[in-house]
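Asker:
There are 4 protein chains.
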Amino acid sequence: MGRMSASTERPRSGRREATRRRLFEAAVDLISEQGYGATTVDEIAERAGVAKGTVYYNFGGKSELYTALMEWGVTRLADTLKAAVPPSASPGEGLTAVLRAGVVFIGEHEALARLLMAEAWRTNQAWYATVRQIRTEAIGVISGQLDRLAAEGAPHPGLDTGLAGSALFGMVVTVALDWRTLQPERPVEEIHATLAHMTAGLVGTPASPPKNV
Amino acid sequence: MGRMSASTERPRSGRREATRRRLFEAAVDLISEQGYGATTVDEIAERAGVAKGTVYYNFGGKSELYTALMEWGVTRLADTLKAAVPPSASPGEGLTAVLRAGVVFIGEHEALARLLMAEAWRTNQAWYATVRQIRTEAIGVISGQLDRLAAEGAPHPGLDTGLAGSALFGMVVTVALDWRTLQPERPVEEIHATLAHMTAGLVGTPASPPKNV
Amino acid sequence: MGRMSASTERPRSGRREATRRRLFEAAVDLISEQGYGATTVDEIAERAGVAKGTVYYNFGGKSELYTALMEWGVTRLADTLKAAVPPSASPGEGLTAVLRAGVVFIGEHEALARLLMAEAWRTNQAWYATVRQIRTEAIGVISGQLDRLAAEGAPHPGLDTGLAGSALFGMVVTVALDWRTLQPERPVEEIHATLAHMTAGLVGTPASPPKNV
Amino acid sequence: MGRMSASTERPRSGRREATRRRLFEAAVDLISEQGYGATTVDEIAERAGVAKGTVYYNFGGKSELYTALMEWGVTRLADTLKAAVPPSASPGEGLTAVLRAGVVFIGEHEALARLLMAEAWRTNQAWYATVRQIRTEAIGVISGQLDRLAAEGAPHPGLDTGLAGSALFGMVVTVALDWRTLQPERPVEEIHATLAHMTAGLVGTPASPPKNV
DNA sequence: TATGAATGAGTGTTCATTCAT
DNA sequence: TATGAATGAACACTCATTCAT
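Protein chains in written order, with the UniProt record's numbering: chain A, 1 to 213; chain B, 1 to 213; chain C, 1 to 213; chain D, 1 to 213.
(1) Find the nearest neighbour of D/ARG132 within the set C/LEU177, C/ASP42, C/ALA196 and C/LEU168, judged by alpha-carbon distance.
(2) Between the Cα of D/LYS62 and the Cα atoms of D/GLY140, D/LEU116, D/LEU30 and D/GLU190, which residue gives the shortest distance?
(3) Would you say D/GLY37 lies against chain C (beta-carbon separation less than 7 Å)?
(4) Hey, is C/TRP90's beta-carbon within less than 7 Å of any beta-carbon in chain D?
(5) The alpha helix (DSSP H) spanning residue 256 of chain B covers which residue range?
(6) May I have the straight-line CA-CA distance separating B/HIS156 from B/THR19, to the nearest angstrom?
(7) Would you mind telling me which residues of chain C sit closer than 7 Å to D/SER63, beta carbon to beta carbon, in chain order?
(8) Are there 16 or more other CB atoms within 10 angstroms of the CB of C/VAL173, so buried, or fewer, so exposed?
(9) Given this structure, state the Cα-to-Cα distance separating C/GLY158 from C/TYR66, to the nearest angstrom.
(10) Return the Cβ separation of B/VAL104 and B/ILE142 in integer angstroms, given the expectation that the two are a contact with Cβ distance under 8 Å.
(11) Would A/ALA48 and A/ARG22 qualify as a contact pair, given that the criterion is a beta-carbon distance under 7 Å?
(12) Regarding B/THR19 and the ligand GTP, is the C-beta to nearest heavy atom distance less than 6 Å?
(13) Using a C-beta to C-beta distance shorter than 9 Å, which residues of chain D count as neighbours of C/GLU190?
(14) How would you label A/ARG3, buried or exposed, when you count the other beta carbons within 10 angstroms and need 16 or more for buried?
(15) Please list, in chain order, the chain B residues whose beta carbon lies closer than 7 Å to that of A/THR174.
(16) Closer than 7 Å, CB to CB, is A/ASP42 near chain B or not?
(17) Please give me, in chain order, every unbroken run of the beta strand (DSSP E) with length at least 3 that falls completely inside the segment 40-119 of chain A.
(18) On the premise that C/GLY102 lies in contact with C/ARG148, defined as a C-beta separation below 8 Å, what is that separation, rounded to the nearest angstrom?
(19) Does the beta carbon of D/HIS197 come closer than 7 Å to any beta carbon on chain C?
(20) Contact criterion: CB-CB distance below 7 Å. Does B/THR130 meet it with respect to chain A?
(21) Cα separation between A/LEU77 and A/ALA164?
(22) For a quick check, are the C-beta atoms of A/GLY92 and A/VAL203 less than 7 Å apart?
(23) If the cut is a Cβ gap below 8 Å, which residues of chain D does C/ARG114 touch?
(24) At which residues does the alpha helix (DSSP H) containing D/ASP178 begin and terminate?
(25) What are the start and end residues of the alpha helix (DSSP H) that includes B/TYR128?
(26) Show which residues of chain B have a CB atom less than 8 Å away from the CB atom of A/MET117.
(27) Is D/LEU195 helix, strand or coil when you go by DSSP?
(28) A/ASP79: which of A/THR136, A/ARG16 and A/VAL55 sits nearest, CA to CA?
(29) So which residues on chain A does B/LEU177 lean against when the C-beta distance must stay under 8 Å?
(30) Please compile the residues from chain C whose C-beta is within a distance smaller than 8 Å of the C-beta of D/THR181.
(31) Looking only at C-alpha atoms, which of A/LEU195, A/VAL74, A/HIS109 and A/ASP160 sits nearest to B/ILE191?
(32) Pull out every residue of the segment 51-84 of chain B whose Cβ sits closer than 8 Å to any Cβ of chain A, in chain order.
(33) If the criterion is Cβ atoms closer than 7 Å, does the pair D/ALA167 and C/MET198 meet it?
(34) Taking DSSP as the reference, what is the three-state secondary structure of B/GLY35?
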């Protein structure tokens, strides 16, 4: 937060909050398509339907807008993944659910996912810390399920669940983005099915006939 | 006399070819560290030890240099992966070998891998076609091994090997970059081992005995 | 709010219009002295007392500024010529008046006249259409008087008044510019007198005393 | 072709002279269309079919090439006009002949004529002196005929023949260029006829019957 | 006599940022 | 709370010129 001078937090999104949201949406679309450097503040303001100065009034600058954007978006991803695991789920079910939720989320927020991958390893950017931290959270949700599997004496005792979480995260994002970019007409179920095949060995599911779960 | 010969090829490397190579090397380093937008032509020329005009004389512009760079680099990746599969290898061995080669390559060419992921889904860039095409080649090598597995009646009959190839590609790049970025001190063998665990179900390897770690 | 109003017109001159005018004035002087290619945007901005970016904010680029300039200037020429013919004038008087007005205008706007001649037949320039069109207007005022003369059964029945207008236009501009460039100290009346001599045959005026013919 | 290094002037145009001529021709066309500033040495060399360095080897630089060009071209104009007056011609016939020769010359050397008008009043250019001097020569031929007319007690006793020569020169060039640019399909005779009409008053020709066409 | 790769000062243009309204 | 005219440092790019071959 941080603007807000005299009075306290105002929950109701007045004119200001609406402006910020419009700027967010304009920025995600443009930056994910063109990249941060190639997207101008003019473009963002124009697509949002406001004057250029308004960007500065509301966010202080281009990079602050971008950081806020990443924070906003990636938090939603982490929250979505966390919410995807039913409390009663078995570890295997939990893992499957998380991966499915990831695919669905990316299908609905392609732009954000593209940004996430583009910035994930660019360590010398101002917003790297933000991206990394929340990316870690997202991966943590996956690793959490792997830990539960391991605790149950799952197939691979010595598995490095941290690294494996990163692996599954990369797998999900890559598959989902390739799907949206190259074959957007395919039903999401086919994507899920492929991922289920890929992780069958981990989950301990008999590969071909997924009777249970 | 004096005009270009028929094709762009120029057999004698001579002065010009040497200059181009130096510019390539300077550009990969700088752009992968700083990003395309944040890298200036002046910097590239300076690191290559040539005058700025030489960049334009040889490549025509910044973006053309970048495109040539991507083509050059990503071709090397695809070639490396292709060379990684011994002719006599079983499908399972072949897949394992490809993934290992991918990790090794990325370990040695982080810069390139970062660029690859950053640009992979940025469809409106001038160089998108180049990146996509050669990325497809790289994934094709993986999918090829999966096809061989499938032909042998591997664990998952209905597997979409194209999508699965993309999944494994994303997994390998993500893991390898996370390794280099967050835990560069870990031995490469631990990375291989984790990937082996992840793909055990596919390869049909008895999951339990990962003796080599 | 905030976007452009319907047309490009902007009723309140305000700050912006003042800036544009200053840039115009700076540009005419500099370009007519040095030529378009030899005049830099920096120079124009400096003489106008604004920052370089302001040129781009207001005109979009150097060539657009130049086009606007030509349009502005040449429109003034055409307007001046049109206004020079008193409604009650005879055709002969009208023609004389137009030529006199042309000489006076050029005497006061050498810079513009030089540009006009320099660009008049440079057909592949961005601003050629503009120059040509308004030049045609100016010539049209002359041709109009010639038409009236012809209608009165003037000396030369078969005269191509369009071409003749072009001829007189070229004559006036050439004489006026040679005057300003080579003999600026001569009184304007001597220029008028010479032109009157030259056109005496057309106008049918007793050229002082045209005893014969 | 020979080597032949250390001999004296070679009147016969060897390889070198041919190269120079090709460069001349390329340069007139390009510069007259685009202007001096907008024409690059690369373009000139390419159109001439030689390497860029050859321009420097033969002329020393771009502006030297241009100066040589102007000198070459404008000398030809003056010579042509001088040659156009038969020794036996009356002053009136002589003037008519000069103007006709001017139109014909410009019809065949449009490019040169455009340059002449574009540079005629640009006093701060390196080649201004050249242009002015030879332009003066050309006008001198016209003024010469006017002087003869005046000496015969021609229609306008007090005529300033210097200024009048300039006027006729401008008239001829303007008409001829407008003809080539806007109505190139018209026969040259129509242009001559119009000019004859315009100068009828000077020449003392009975206006109505322009029998000679 | 000619070439063309290389140069680098100079220029047009962009764009994040400021600020008076 | 929002605007948009103005800014100027930074940048991509141009092109006349040089020189080793």
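Positions of the beta carbon are idealized from the N, C-alpha and C atoms, including for glycine. In this text the structure is predicted, and so the values were computed from the model without any measurement.
Answerer: In short:
(1) C/LEU177
(2) D/LEU30
(3) yes
(4) What sits at residue 90 of chain C in the sequence shown is Ser, not Trp. No, C/SER90 does not count as interfacial toward chain D.
(5) This structure does not reach residue 256 of chain B, given that chain B is present from 1 up to 213, and the question cannot be answered.
(6) 51 Å
(7) What D/SER63 touches in chain C: nothing, since even the nearest Cβ is about 12 Å away.
(8) buried
(9) 40 Å
(10) Going by Cβ atoms, the distance from B/VAL104 to B/ILE142 rounds to 15 Å, so no, they are not a contact pair.
(11) yes
(12) For the ligand GTP, the structure offers nothing, since it holds no ligand at all.
(13) ASP160 and LEU163
(14) Residue placement at A/ARG3 is poorly supported in this model, since its pLDDT is 43, which falls under 50; the coordinates still yield a value, given next. Its Cβ having fewer than 16 others within 10 Å, A/ARG3 is exposed.
(15) SER166, ALA167, PHE169 and GLY170
(16) no
(17) none
(18) 17 Å between Cβ atoms; not a contact.
(19) yes
(20) no
(21) 19 Å
(22) yes
(23) TRP121 and ARG122
(24) 161-182
(25) 128-151
(26) MET117, ALA118, ALA120 and TRP121
(27) helix
(28) A/THR136
(29) ALA120 and TRP121
(30) TRP121 and THR123
(31) A/ASP160
(32) none
(33) yes
(34) coil
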